[in-house]
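Scroll down for the structure; my scribbles are underneath it.
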Amino acid sequence: MMWIEKGGPIIWILAAYSLIGLTIIASRYLQLLFTPRNNLSVSASLWKESAEKRIVDQLSAVLRIHGHSPELRATASHLIQAEMKPLESGLKTVAVLANTAPLLGLLGTITGMIKAFQVIESAGGKVDAMALAGGIWEAMLTTGVGLSVAIPLLILLHFLESGLGRFHWRLHQAAALVLDRSESAEITSDSASAQWEAVADVL
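In this text, residue positions in the sequence shown follow our numbering: the first is 73, and each later residue adds one.
Below you can see the structure in the form of structure tokens.
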């Protein structure tokens, strides 16, 4: 492809940017798409195996042993972060690629323009207009490619982060089933067993 050859090595770097970024986004989107979900409006005892069920089960186990404590909410945050980490892996890399692609394209344009003006200088100012236009076209090419790489990556990253945000909210809702009931139980009793009995009716 002629335009790739004209753009030089920066075009190949931008092509690698696009391939890496799209691969990460596609893999995370598929991972999110096939992640099991449960109906949060039914009893957790009816849930199938999922991130939501793991969080509720682990929080319930902590509550049975230690009762309600300030550490329970911190434990919930830790469990949610542990579930989100695999889904968020690589997203910072995509953000870096998308934000630096236009700058890399601009760098290619600047270096191309420098070369074009060097040709003008060496020719003593007597340069064919067609040849000069061709040199400028080649220089501008990298900026165009840089923007063409960055814009789709940023749009796709936005949609993926929105989906992850909704999933993150579901995990918080699942954890709230335990946290809210345990806090209500704490008001009525300091007994760990009583707290657990108050929570167990929804689990």
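We treat Cβ as the ideally placed atom computed from N, Cα and C, and that holds for glycine.
Keep in mind it's a predicted model, so treat the numbers as computed, not measured.
Return the chain-ordered list of same chain residues with a C-beta closer than 8 Å to the C-beta of residue i, the five sequence neighbours on each side being excluded.
i: residue 240; result: 152, 156
i: residue 126; result: 151, 155
i: residue 120; result: 108, 110
i: residue 274; result: Residue placement at residue 274 cannot be trusted, given a pLDDT of 49 that sits under 50; what the coordinates show is reported in the next sentence. Result list for residue 274: 115, 116, 249, 253, in chain order.
i: residue 232; result: 97, 100, 101, 104, 163
i: residue 122; result: 107, 108, 109, 110
Under a Cβ-count criterion, where at least 16 other Cβ atoms within 10 Å of its own Cβ denotes burial, should residue i be classed as buried or exposed?
i: residue 268; result: Residue placement at residue 268 is poorly supported in this model, since its pLDDT is 44, which falls under 50; the coordinates are not used for a value here.
i: residue 108; result: exposed
i: residue 91; result: exposed
i: residue 161; result: exposed
i: residue 234; result: exposed
i: residue 88; result: exposed
i: residue 186; result: exposed
i: residue 243; result: buried
i: residue 143; result: exposed
i: residue 132; result: buried
Residue j and residue i - do their beta-carbons sit closer together than 9 Å?
i: residue 225; j: residue 170; result: yes
i: residue 228; j: residue 94; result: yes
i: residue 86; j: residue 181; result: no
i: residue 219; j: residue 173; result: yes
i: residue 245; j: residue 158; result: no
i: residue 183; j: residue 96; result: no
i: residue 188; j: residue 211; result: yes
Excluding sequence positions up to five away, which residues of its chain have a Cβ less than 6 Å from the Cβ of residue i?
i: residue 147; result: 134
i: residue 80; result: none
Distance cutoff 9 Å, beta carbons only. Does residue i sit that close to anything in chain D?
i: residue 125; result: Among the chains of the structure shown, chain D does not appear; only one protein chain is present.
Please list, in chain order, all residues of the same chain as residue i whose beta carbon is under 7 Å from its beta carbon, the five residues on each side excluded.
i: residue 145; result: 251
i: residue 130; result: 151
i: residue 137; result: none
i: residue 221; result: 86, 89, 90, 173
i: residue 259; result: Confidence is the limiting factor: at residue 259 the pLDDT is only 45, short of 50, which leaves the residue's position unreliable, though a coordinate-based value still follows. So no residue of the chain qualifies.
Could you check whether the Cβ of residue i sits closer than 8 Å to any heavy atom belonging to the ligand MN?
i: residue 160; result: No copy of the ligand MN occurs in the structure displayed, which carries no ligand at all.
- [ ] Scan the stretch 94-164 and note each continuous alpha helix (DSSP H) run of 4 residues or more that stays entirely inside, going in chain order.
- [x] Every alpha helix (DSSP H) of 4 residues or more that sits fully in the stretch 94-164 is shown, in chain order, as 123-138, 142-160.
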